[in-house]
Amino acid sequence: MTEKTKNGIQYTWEIVSENGAGFILFPEPHHTREDIDAALSELRHDRDVVRLRVATVDDWDERYRKEIFSHPLVGKLRWFEINDDPRIINHERRKGTSAEDYVNRFVLPFKECVKAINTACYGKDIVH
399 MTEKTKNGIQ YTWEIVSENG AGFILFPEPH HTREDIDAAL SELRHDRDVV
449 RLRVATVDDW DERYRKEIFS HPLVGKLRWF EINDDPRIIN HERRKGTSAE
499 DYVNRFVLPF KECVKAINTA CYGKDIVH
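Okay, here's the thing in structure tokens:
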């Protein structure tokens, strides 16, 4: 689930334990160190924080990957038909490619090829 702090920094959270949740801040380039510190302080004060951190490159890529997998045109596909090569994900995310464009350029045209690669790698049991 994505929410925003009072100063507009997006964050995600998930329950970690009975003691609280883990939070990841996703600051944009225009957010200052002071903005980030204020957002961290707000979450520590207002929420039951077990874990709190600023997003890494991998977090940004995973967030982009989730957008791709939740796209309506991808919903009909199975995981082994979806091109989610980490290098392409990272490159296209950094370029600013929308999930819609990614799906139309890198998923739909290659679904049979990706399926064949994954079938060769994991065996035909993944299809059933």
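If you're matching positions, the sequence shown starts at 399 in our numbering and goes up one per residue.
Heads up, the beta-carbon is just placed ideally off N, CA and C, and yes, glycines get one too.
Along the alpha helix (DSSP H) that carries residue i, what are the first and last residues, could you check?
{"i": "Ser415", "result": "Counting along the chain, Ser415 falls outside any alpha helix (DSSP H), though it belongs to the beta strand (DSSP E) covering 408–415."}
{"i": "Asp483", "result": "It is not in any alpha helix (DSSP H) - Asp483 carries neither H nor E in the DSSP assignment."}
{"i": "Arg445", "result": "Unbroken run through Arg445: none, as it is neither H nor E."}
Check the DSSP bridge columns for residue i and list the partner residues they point to.
{"i": "Leu423", "result": "Tyr409, Val452"}
{"i": "Lys402", "result": "Gln408"}
{"i": "Val505", "result": "Answer is none; Val505 lacks a bridge partner."}
{"i": "Gly494", "result": "Note: Gly494 sits in no beta bridge, so no partner."}
Flag residue i as yes if its beta-carbon sits less than 8 Å from any beta-carbon of chain C, otherwise no.
{"i": "Leu438", "result": "Annotation note: the requested chain C is absent from the structure, which comprises a single protein chain."}
Between residue i and the rest of its own chain, which residues show a CB-CB distance below 7 Å, the 5 nearest in sequence each way excluded?
{"i": "Leu475", "result": "Lys509"}
{"i": "Lys404", "result": "Glu440"}
{"i": "Leu506", "result": "Leu471"}
Taking C-beta to C-beta, are residue i and residue j nearer than 8 Å?
{"i": "Asp459", "j": "Asn488", "result": "yes"}
{"i": "Cys469", "j": "Glu498", "result": "Per the sequence presented here, residue 469 reads as His, with Cys not at that position. In this structure, Glu498 lies closer than 8 Å to His469 by Cβ."}
Near residue i, which residues of its chain fall below 8 Å by C-beta distance, leaving aside the five closest residues on each side in sequence?
{"i": "Phe421", "result": "Tyr409, Thr410, Trp411, Leu441, Arg445, Val447, Arg449, Leu450, Arg451"}
{"i": "Phe478", "result": "Val512, Lys513, Asn516, Thr517, Tyr520, Ile524, Val525"}
{"i": "Asp457", "result": "Ile422, Phe424"}
{"i": "Asn417", "result": "Asp446, Val448"}
If you drop the 5 nearest sequence neighbours on each side, which residues of the same chain put their C-beta closer than 6 Å to that of residue i?
{"i": "Thr400", "result": "Gln408, Thr410"}
{"i": "Tyr500", "result": "Ile466, Glu490"}
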